[in-house]
Every structure is written in structure tokens, then in C-alpha cells.
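**Student:** Read top to bottom, the protein sequences are chains G and D.
Just so we're aligned: the first sequence equals residues 1 to 642 in this note's numbering.
Just so we're aligned: the second sequence equals residues 1001 to 1207 in this note's numbering.
Using N, Cα and C, we set each Cβ at its ideal position, and we do this for glycine too.
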Amino acid sequence: MSSSDIFDVLNIKQKSKSPSNDSSLANTTSSAGGIVTGGSSTLTSRAPKPQVTGMQRELYNLLGENQPSIIVQPTSKFKESLKSVTKSSPWTQARFKANKRLVLRHWVKGSKDLLGEEPQDSSFAKYDQHMSLPEFTKEEYGLFMAEPDRDKKEDEKKDTEKDEKKDAGKNEGKKPSTVKDDKSEEQSKEQEPKIDENKESVDKVLGNTEPKGSDDAEEKKENNNNTNNEKSNEVSGNDKKETENISTTEQANDEPTIADNNDNNETPEDQTPEDQTPEEWTYEEVEYLFGLCRTYDLRWFVICDRYSFNDIKRTIEELKTEFYLVSRKYFQSKNAADPLLASLEYPLEKELERKKYLERLLSRSAAEIAEEEALIIESRKFEMGAKKMLIERESMLRLLDSPNSDKSVAQHLTSQGISQLYSSLLADKARKRKHDATVPENPWMKQQQQFVQQKQQLQQLHERKPDVLTAANLSTNGSSLSSATLAHNIKAPTTSSSTNNINNDGVTNTGSDQSMVPPPQKKTKKQKLEQQTAQKRKTEVAYAEDLLKDFNDEEKKSLGISMHGEKLTPGVFLRSTKISTFKPALQNKVYSVLQELKLPVRPAMPSKAVIEKQEELLKQIVVLTDLKKSLDKLDAEKAVAQ
Amino acid sequence: MAGPPSKRIKTISVSRPVIYGNTAKKMGDTRPPNAPAEHTHIWTIFLRGPQNEDISYYIKQVVFKLHDTYPNSTRIINAPPFELTETGWGEFDINIKIHFIEDANEKVLSFYHRLRLHPYDMTQPNQEEIKSIFYDELVFNEPNEQFFQILMTKPGNLLPSNKTDQCPFSKQLEIEEIDRINDGIKEVDQQIEELKGKVAGKVKEKS
Chain G
1 MSSSDIFDVL
11 NIKQKSKSPS
21 NDSSLANTTS
31 SAGGIVTGGS
41 STLTSRAPKP
51 QVTGMQRELY
61 NLLGENQPSI
71 IVQPTSKFKE
81 SLKSVTKSSP
91 WTQARFKANK
101 RLVLRHWVKG
111 SKDLLGEEPQ
121 DSSFAKYDQH
131 MSLPEFTKEE
141 YGLFMAEPDR
151 DKKEDEKKDT
161 EKDEKKDAGK
171 NEGKKPSTVK
181 DDKSEEQSKE
191 QEPKIDENKE
201 SVDKVLGNTE
211 PKGSDDAEEK
221 KENNNNTNNE
231 KSNEVSGNDK
241 KETENISTTE
251 QANDEPTIAD
261 NNDNNETPED
271 QTPEDQTPEE
281 WTYEEVEYLF
291 GLCRTYDLRW
301 FVICDRYSFN
311 DIKRTIEELK
321 TEFYLVSRKY
331 FQSKNAADPL
341 LASLEYPLEK
351 ELERKKYLER
361 LLSRSAAEIA
371 EEEALIIESR
381 KFEMGAKKML
391 IERESMLRLL
401 DSPNSDKSVA
411 QHLTSQGISQ
421 LYSSLLADKA
431 RKRKHDATVP
441 ENPWMKQQQQ
451 FVQQKQQLQQ
461 LHERKPDVLT
471 AANLSTNGSS
481 LSSATLAHNI
491 KAPTTSSSTN
501 NINNDGVTNT
511 GSDQSMVPPP
521 QKKTKKQKLE
531 QQTAQKRKTE
541 VAYAEDLLKD
551 FNDEEKKSLG
561 ISMHGEKLTP
571 GVFLRSTKIS
581 TFKPALQNKV
591 YSVLQELKLP
601 VRPAMPSKAV
611 IEKQEELLKQ
621 IVVLTDLKKS
631 LDKLDAEKAV
641 AQ
Chain D
1001 MAGPPSKRIK
1011 TISVSRPVIY
1021 GNTAKKMGDT
1031 RPPNAPAEHT
1041 HIWTIFLRGP
1051 QNEDISYYIK
1061 QVVFKLHDTY
1071 PNSTRIINAP
1081 PFELTETGWG
1091 EFDINIKIHF
1101 IEDANEKVLS
1111 FYHRLRLHPY
1121 DMTQPNQEEI
1131 KSIFYDELVF
1141 NEPNEQFFQI
1151 LMTKPGNLLP
1161 SNKTDQCPFS
1171 KQLEIEEIDR
1181 INDGIKEVDQ
1191 QIEELKGKVA
1201 GKVKEKS
């Protein structure tokens, strides 16, 4: 159906515009929708219209003559699909050893062939580190625990009794039943500190080598025990899966079993733990404790929680004390001069106190906490007030201590010197003002200022480029000047010395070092002027010096000639009129001070030297009056505070 | 002579000491013939060198402007001694204007002197002559070259080394003056230190 058909049905006469249209109308009416394409084609020929087909075309036809002035074309497109040239890299789900026994799978980059079938070590395996705690047999334990007093003494008099201690150590070492035994134990201990992965192999080595040379039956037994333990571990390891790490479980298993074995071996000689008072520590219990420590990596709360040795109740402090005591004694027997021995001291009293404090802190009631908070806020307020005061005072004192300008003016004679002085003075002023402004310090304000400054700098950096160009274009003073300005502009941000100092004249009002750069034209003018004046002044000084070179100081004095660097207006004046005057209020105060000093307001003889002295005096008097004022203010504040 | 006459020599100043002031005496029987009846004092105002030396080589004329009640109150003195004697009964400010020589190309220097007829110092009640004399220095800052050469012809800055009754203004007095001021500075410094300590103490107390 075309629009013309509808017109036809509704008996609406179409506005005839062109004969071709009429013919087409006739055509369509006759075909009655049969040849739709013909009608639509004529329509499209009349006005440039996008070629549409299908359903859309039908819809366009429905519009008829009332064609939309703007044809909305669907422009929204989906995001283009990613076209990557590279081949996708293969990932494989490879097996890896989560720990010694457990094997899991994870996704690894790389093909299956590359990785191989063997499960690899986890890349995190290297982080699985454990403490290496000392191991010792019952004999050793008995040995180094036997002389607690001496140890302590040695501990105290480490420096003086070093030699003696060494001897003691030797004796200690020789006491056991056989030298061999001792050696092997030492060896094992030396191996001990190595990381746990090696542990197993070391044990194996020991198990293999020791029996060969050892004559002692007991030793053999022990080694057998060791090997037995290893075997039993392999068997029982599966049962102990709940513990995270195999190496630790092995050790944990190792120790108690050894202890048990030893226990079995030596029960006739030793008392059973049950006979003892709970405070006494047996070797077995110590062994058990060290085992736990190894298992849980000195996580004392866990250790304390798991601790169950013959129903003896021990606090965490007791465990710690014992652990540190034993380890200290152990290492002392190893090497008495070990500098790390001091770190094994366990201050029981302090720990208890610390805990007490913590408990008190944690057991505060809500009301107490609230009160504390309020007090803190209150104290902050006071601090703020005090700080404000202090800053005010400081600025006042700084004002009083500000450097007096009795230095020679020679260094400020050149244009550079003057600009330097100017900038430094301005900076000084800015600093002082800033000081006042920052009383209630607002960090965010500061931040914001910083941002603003940075932004300005950035803008200037951008502006600088066009500036340079315009300078090059506009400069009428010849190519040499324009090139000079160019060079200057380029230099300006990099050099901080001479050029920048000259710049500072125009720059300092913004505060930052290399901020606003005045338009180059103006700057060069200013610069030129400065240079000219400097040049002039130089020649003047030279000329004056030339004039005066025939006179010596005495003659100069008698002629009344003096050189001065100041910029005084030329002309004649009376010396006495150059005595400085102040604001009326201050002037009165100065006069009264002068009166106190019994000095005349106007010196009786205002010669050059006298006037200079007088000026010095007046300056000091002003300082004095300032101080008096501030003191009065302080007193008043004090009175108010009270 | 190099350069135009108006060119000034920069960074140099030349000073010349002068003394100005007045002396006054009560008129007794010896009255000047034309003095009005109500005038009680005869006084002299002057401007001269400290040792009465010649100052006319750089001063052309001195104008004393008297009180308006005087007949033709502007008195011009064209030649040394630059002084003026009058009679009167009251004290007033006299305006002194110094005109320098043509070559100096300087402006007129004007200042005031309060005429003194009566002794303020009552310790010496029967003073014959009242004196109110001031020392000052004329400072020619950056004089032009011509004038500079003229000034250089005479060592005008010389002062007597010792005080005399005739001329109290001397090197001795200058040294005394400096000593006095130095003492003053010392005392003020001491006070400043004291006050500083006090302020610091107060500040500490506060904080």
C-alpha cells in the first residue's frame, strides 16, 4: 500500500505539482498498489531521498507527501568487535604442589607440552618460611639448665668474665658421656638453623652417617628412633592433614615422639611429670612447648590455646618466660658472646603491666570514652588558641629583630642589586603577611592554593609561547633586540640567577618564582631603562671619584665633601631637617624617651657624624617603644585571662 | 669646564656649616632715635660661618621676613655680614631665606628662627645679652660642576678644635655630642634587652 492508495480511499485529491506526478498518480491508482515501486521511484526522483527497502520503504510511503524535512538515519552503531592480529595464547590447567603432599590444579599460561606433566612447585612456596628453633636432647637440656646462676652472672658480667665463661662452655661440652655423641648433636644443631626444606634431608643424612661411627648403644637407639619416626611420619602424615604445612607437622610430630621415646628410655631415672608441682618445668614439657612453638610459628595465643601437657595450666606469660629462658640458656651455652642474647630477655613484669593497661583501656565504659573525647577536643581548642598567640608573639618579635639596614649600600648600587633588594623586601613582607594569615591552619586551603598556583604556572607556560612569537613579530627595534628577547624568554624558566632577578621586578607580586612573565616588549623596555640607569650611575660614581681623586680624606673632610650611595634629591638642605620624624603619637613617645635620657630633641650640633648617631638612637628608641607597647599588651592579656 | 653648567655631580654632597640665631638686649637709655616707644628690646638676627669666616662666595643674599607689623617686613641683605638689627617687644618666628649665587643654580633655602628676647633659663637672671644661636650645616647634595668648583676653593667645613666663648660649636662639642648620644644609645639598648627578656618571659608564661 502506498500513500496514494490511502488518499484514494479517503477521497482526498492530491495536490498536483507536476505532470509527472499526475501521471504517476494515475499509474498508481490504476495499478492499485500493484506497482508500488514505480510510484515510490518517482517520489524519490523528485527529492533526494535515501534508498530504502523493505519495511522501511513501506513506512516512508505511508508518509506520502508530508515528508520529514530531516531524515533521521540510524547512526548508532555497536562497538566494533575487537580485531586482534596476535594469536590467542594457550592456557593450561596444570597440576601444582600446594605443599609437600597436596597437589592441586590451577590455570597457567603456556601449552601443555611446555609445562610438562610433572606437578610443579607453587610460585608461592618460597614464602612458606618457618622459624628455626633450637633442638636439644635431654642431656643437653640438663646441662645448660643446670647452672642457671652462673649463666645469669655471666649475663651480667659478660665483658669481664668472658674467658672464664669460655672455659665453662668447654667443660660443658666435655661432660657428656662420649665425645662422639656430643659432636653429632652439635652437628645437628648447626644444621638446625637452615630452612625447613633441608631439614628432612639433613635428618636422613644424620640417620645414615651416624650409626657407622657410633659405639654408643643409646646413640644407636636414638638414631633408630629417628628413622622410625620418619617412617611413622610417612604413615601417620595422612592423618594429620588438618595442619596446614607438612614440614611443620613433621616436626611437630618429630618432637613429641622423640620426647616420648626419650621418656620411655629414661623413665627409670626421671620423675614423671605428674609428681611435680605445676610450676616446675620438666624437659618433656619444655620439649613439648618448643614443638608447639615450631608448629605454630611462635603464635603465642594459638600455642597457649593448644597447650595441654599433663593437665598443667599455664598462662601465656609463663610459656613465654620459659621459652625465652630456655632459649637464652641454650644460646648462651653455644656462644656466650652472642650479641643477640640480649634480645631473648623477656621482661615479665613489664608485659604484665602492659596487659593490665590494655585491659583497662579496653574496659572503659562508653561514658568514659565520651568524656575523654570531649576533653581531647577541649584541649585541642586550647592548643589552637595558644598557637595563635605564639605565632602573633613570634611575628612581633621578628618585627623587632628585623635586620637593620646598617650594611653598606654598595651592593645595591647596581640595577641587579636593587632589584634583588626589592624582591627580598617584598618576599619578606609577603612572608610576614602570610604568617598572620595562617593562624587557623587549614590544610585544604593550602592544598587548594597549591593547585591554583600550579594551574597558573601551567597557563603561563602555555602563554609564553605565543608571547615569544608576538615579540618576534612586533619588535621594531631591529632583529638583534627581538632575538635578545627570544633568548631571554627561553632562558627565563631555566636560569634562576641574573636574568630571573631582573625579571623579579615585575614578577614578585604574584609571589611564585617563575610565575607571570610580563609582556616581552614592556619587559625589555624596563630592562633597558634599568640597565641605562645602572650604567649612568656607574659612570657618575666613576666621574665623582675621578673628581675627588686629588683629595685625601682629611682634605675631603675640611672641604665638606662626602660620597653617598643613597638616592637623595639633588639640591640644598639643612642637615638638621634630615632628622627622621614619626607619626605624632610615636613622636611624642620618642621625645619623652629623649627627655628621660636628658638629650635634646635637636642635637646642638647637627653635623654629619652627630646626625648619623642621632638616627641610630632614634631607631633604637622606636624599638624600645614598640617593645613597651607589646609588653603592655601582654600584661593586658594576662589580666583578661585572669 | 666640561659639560653644561647645570649638570650635577651625582653621589656627592658638600656641606658647609653655618650659625644662625639672634642676640637680644634690653634697651636702656640708649634708644635708637626712630624706635617706637613700646619697643623694649634691641635684637640682631644673623647668619654667618661658625668662625665668622666669609660665606659670601656661595651665598648671594639673605632675606629676613619679619613680623608683618614691622614696616617693610621683608628685609633683604645683599652683602656680608648677613645680619639685621631691629627693636621690638615680642618674640616671633623669623623666616630666613638664603639665596645662593647664580652659578649654584640652587633653589632658595627657607627656614625659621624663633626670635628670643627673654631668658628662659632663670638660673642666670641678670643676663646682659640673650643668645639663641643654632648650628646647622648647609648640605649641597649633588651640586653642579661649576658650583662644586667654587665650593672647592675654600675649606669651608673647618671647625675650631676647642670650644670658646665666641664660638661654642667646635670639634670638641661634636665629640661631646656624639658621646652623649652614644650613652643614650647604650641606655636604650639596655632597656631594650630588659624589655625583651620580660616579653619573652611573658610569652613563655602564656604558652
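Drop a sphere of 10 angstroms on the beta-carbon of Lys1131 of chain D, count the other beta-carbons inside from all chains shown, and report buried for 16 or more, exposed for fewer.
**Tutor:** For the purposes of this step, residue 1131 of chain D is taken as residue 131 along the second sequence, with counting starting at 1. Counting Cβ neighbours within 10 Å, Lys1131 of chain D comes out exposed, since fewer than 16 surround it.
**Student:** State the beta-bridge partners of Ala1024 of chain D as determined by DSSP.
**Tutor:** As a working mapping, residue 1024 of chain D is identified with position 24 in the second sequence. D:Trp1043 and D:Ile1130.
**Student:** Strictly by DSSP, which residues pair up with Ser562 of chain G?
**Tutor:** For this step, residue 562 of chain G is matched to residue 562 along the first sequence. Bridge partners of Ser562 of chain G: D:Ser1013.
**Student:** Do the CB positions of Asn1157 of chain D and Pro1017 of chain D come within less than 8 angstroms of each other?
**Tutor:** The sequence position of residue 1157 of chain D within the second sequence is 157, counting from 1. The sequence position of residue 1017 of chain D within the second sequence is 17, counting from 1. In this structure, Pro1017 of chain D lies closer than 8 angstroms to Asn1157 of chain D by Cβ.
**Student:** As an exercise, report each continuous alpha helix (DSSP H) stretch of at least 4 residues that is fully enclosed by the segment 342 to 374 of chain G, in chain order.
**Tutor:** 348 to 362
**Student:** With C-beta atoms as the reference, is Ile1076 of chain D less than 8 angstroms away from Glu616 of chain G?
**Tutor:** The residue labelled residue 1076 of chain D in the question sits at position 76 within the second sequence. The residue labelled residue 616 of chain G in the question sits at position 616 within the first sequence. For Ile1076 of chain D and Glu616 of chain G, no; Cβs fall outside 8 angstroms.
**Student:** What ranges does the beta strand (DSSP E) occupy inside the segment 267 to 342 of chain G, keeping only unbroken runs of at least 3 residues that lie completely in it?
**Tutor:** none
**Student:** Does the beta-carbon of Glu1193 of chain D have 16 or more other beta-carbons within 10 angstroms, so that it is buried, or is it exposed?
**Tutor:** Residue 1193 of chain D sits at position 193 when you count from the first residue of the second sequence. Exposed, by the Cβ-count rule.
**Student:** Does DSSP classify Tyr1120 of chain D as helix, strand or coil?
**Tutor:** Position 120 of the second sequence, counted from the first residue, corresponds to residue 1120 of chain D. Coil.
**Student:** Val1062 of chain D: buried (16+ other C-beta within 10 angstroms of its C-beta) or exposed?
**Tutor:** Reading the second sequence from its first residue, position 62 is the one you call residue 1062 of chain D. Buried.
**Student:** Ends of the beta strand (DSSP E) at Arg1114 of chain D?
**Tutor:** Within the second sequence, the letter at position 114 stands for residue 1114 of chain D. Element bounds for Arg1114 of chain D: Leu1109 to Arg1114.
**Student:** Going by CA-CA distance only, name the one from D:Pro1033, D:Phe1111, D:Gly1090 and D:Asp1029 that's closest to Ile1096 of chain D.
**Tutor:** Your numbering for residue 1096 of chain D matches position 96 in the second sequence. That would be D:Phe1111, whose Cα lies nearest to the Cα of Ile1096 of chain D.
**Student:** Shorter than 7 angstroms, the distance from the beta carbon of Leu143 of chain G to the closest heavy atom of the ligand FAD, or not?
**Tutor:** Ligands in the displayed structure: none, and consequently the ligand FAD is not present.
**Student:** Please confirm whether Ala604 of chain G and Tyr1020 of chain D have their CB atoms less than 8 angstroms apart.
**Tutor:** Your numbering for residue 604 of chain G matches position 604 in the first sequence. Your numbering for residue 1020 of chain D matches position 20 in the second sequence. For Ala604 of chain G and Tyr1020 of chain D, no; Cβs fall outside 8 angstroms.
**Student:** Considering just the uninterrupted stretch of the beta strand (DSSP E) at Arg105 of chain G, what are its terminal residues?
**Tutor:** Here residue 105 of chain G corresponds to residue number 105 of the first sequence, with the count starting at 1. Run containing Arg105 of chain G: Val103 to Lys109, per the beta strand (DSSP E) assignment.
**Student:** Have a look at Asn1141 of chain D and Ile1012 of chain D and give me their C-alpha separation to the nearest angstrom.
**Tutor:** Here residue 1141 of chain D corresponds to residue number 141 of the second sequence, with the count starting at 1. Here residue 1012 of chain D corresponds to residue number 12 of the second sequence, with the count starting at 1. About 6 angstroms.
**Student:** Can you give the beta carbon distance from Ile1181 of chain D to Val622 of chain G, rounded, assuming they're within the 8 angstroms contact cut?
**Tutor:** One-based indexing of the second sequence puts residue 1181 of chain D at position 181. One-based indexing of the first sequence puts residue 622 of chain G at position 622. The Cβ separation is near 15 angstroms, so there is no contact.
**Student:** If you reduce the DSSP assignment to three classes, tell me which class Leu624 of chain G lands in.
**Tutor:** Counted from its first residue, the first sequence places residue 624 of chain G at position 624. Secondary structure of Leu624 of chain G (DSSP, three-state): helix.
**Student:** For Ala609 of chain G, decide whether its Cβ has a neighbour in chain D, counting only Cβ atoms nearer than 8 angstroms.
**Tutor:** Numbered from 1 along the first sequence, position 609 holds the residue referred to as residue 609 of chain G. Yes, contact with chain D.
**Student:** With a threshold of 16 other CB atoms inside 10 Å of the CB of Pro1143 of chain D, please say whether the residue is buried or exposed.
**Tutor:** Counted from its first residue, the second sequence places residue 1143 of chain D at position 143. Classification of Pro1143 of chain D: buried, given that the 10 Å Cβ count is 16 or more.
**Student:** Based on Cα-Cα distance, which residue from D:Glu1128, D:Leu1109, D:Lys1026 and D:Gln1051 lies nearest to Pro1081 of chain D?
**Tutor:** Your numbering for residue 1081 of chain D matches position 81 in the second sequence. Out of D:Glu1128, D:Leu1109, D:Lys1026 and D:Gln1051, D:Gln1051 has the C-alpha closest to the C-alpha of Pro1081 of chain D.
**Student:** If you follow the alpha helix (DSSP H) that Leu62 of chain G is in, where does it begin and where does it stop?
**Tutor:** Translated into positions along the first sequence, residue 62 of chain G becomes position 62. Unbroken alpha helix (DSSP H) run through Leu62 of chain G: Gly54 to Leu63.
**Student:** Give the straight-line distance between the Cα atoms of His130 of chain G and Leu358 of chain G, rounded to the nearest whole angstrom.
**Tutor:** If you number the first sequence from 1, residue 130 of chain G lands on position 130. If you number the first sequence from 1, residue 358 of chain G lands on position 358. Their Cα atoms are separated by approximately 30 angstroms.
**Student:** Tell me whether Asn335 of chain G is buried or exposed, calling it buried when 16 or more other Cβ atoms sit within 10 Å of its Cβ.
**Tutor:** What you label residue 335 of chain G is simply residue 335 of the first sequence in a count that begins at 1. Asn335 of chain G comes out exposed.
**Student:** When you compare the CB of Lys1163 of chain D with every CB in chain G, is at least one pair closer than 8 angstroms?
**Tutor:** Residue mapping note: residue 1163 of chain D aligns to position 163 of the second sequence, counting from 1. Taking Cβ atoms only, chain G never reaches closer than 8 angstroms to Lys1163 of chain D, which makes this a no.
**Student:** Going along the chain, which residues of the segment 1128 to 1144 of chain D sit with their C-beta nearer than 7 angstroms to a C-beta in chain G?
**Tutor:** Of all residues in the segment 1128 to 1144 of chain D, the ones placed with a Cβ closer than 7 angstroms to any Cβ belonging to chain G are Tyr1135, Asp1136, Glu1137, Leu1138, Val1139, Phe1140, Asn1141 and Glu1142, in chain order.
**Student:** If I follow the unbroken beta strand (DSSP E) through Phe1100 of chain D, where does it start and stop?
**Tutor:** Position 100 of the second sequence, counting from 1, holds the residue named residue 1100 of chain D. Residues Asp1093 to Phe1100.
**Student:** Got a sec? Which residues, its chain only, sit under 7 angstroms from Leu292 of chain G by beta carbon, not counting five neighbours each side?
**Tutor:** Counting from 1 along the first sequence, the entry for residue 292 of chain G is found at position 292. Cβ within range, chain order: Ile303, Arg306 and Tyr307.
**Student:** Does DSSP put Glu530 of chain G in a helix, a strand or coil?
**Tutor:** For the purposes of this step, residue 530 of chain G is taken as residue 530 along the first sequence, with counting starting at 1. Of the three classes helix, strand and coil, the one that applies to Glu530 of chain G here is helix, per DSSP.
**Student:** To the nearest angstrom, how far is it from the Cα of Ala94 of chain G to the Cα of Ser84 of chain G?
**Tutor:** For the purposes of this step, residue 94 of chain G is taken as the residue at position 94 of the first sequence. For the purposes of this step, residue 84 of chain G is taken as the residue at position 84 of the first sequence. So the alpha carbons of these two residues sit roughly 27 angstroms apart.
**Student:** Does the segment 280 to 299 of chain G touch the segment 103 to 118 of chain G, meaning 3 or more C-beta pairs lie closer than 8 angstroms?
**Tutor:** no
**Student:** Would you kindly report the start and end of the unbroken beta strand (DSSP E) that includes Arg1180 of chain D?
**Tutor:** In the second sequence, residue 1180 of chain D corresponds to position 180, counting from 1. Arg1180 of chain D -> not in any beta strand (DSSP E); alpha helix (DSSP H) instead, spanning Lys1171 to Lys1206.
**Student:** Determine, for Val1199 of chain D, whether the minimum Cβ-Cβ distance to residues of chain G falls below 8 angstroms.
**Tutor:** The residue given as residue 1199 of chain D occupies position 199 in the second sequence. Output row for Val1199 of chain D: interface = yes.
**Student:** Within 10 Å of its beta-carbon, does Gly1197 of chain D have 16 or more other beta-carbons around it, so buried, or fewer, so exposed?
**Tutor:** In the second sequence, counting from the first residue as 1, residue 1197 of chain D sits at position 197. With fewer than 16 Cβ atoms within 10 Å of its Cβ, Gly1197 of chain D is classed as exposed.
**Student:** Counting only C-beta atoms, is Phe573 of chain G closer than 8 angstroms to chain D at any point?
**Tutor:** Taking the first sequence and counting its residues from 1, the one referred to as residue 573 of chain G is at position 573. For Phe573 of chain G, the answer is yes, since a Cβ of chain D falls inside 8 angstroms of its Cβ.
**Student:** For Ala1079 of chain D and Lys613 of chain G, what's the separation of their Cα atoms in angstroms?
**Tutor:** Counting from 1 along the second sequence, the entry for residue 1079 of chain D is found at position 79. Counting from 1 along the first sequence, the entry for residue 613 of chain G is found at position 613. Their Cα atoms are separated by approximately 36 angstroms.
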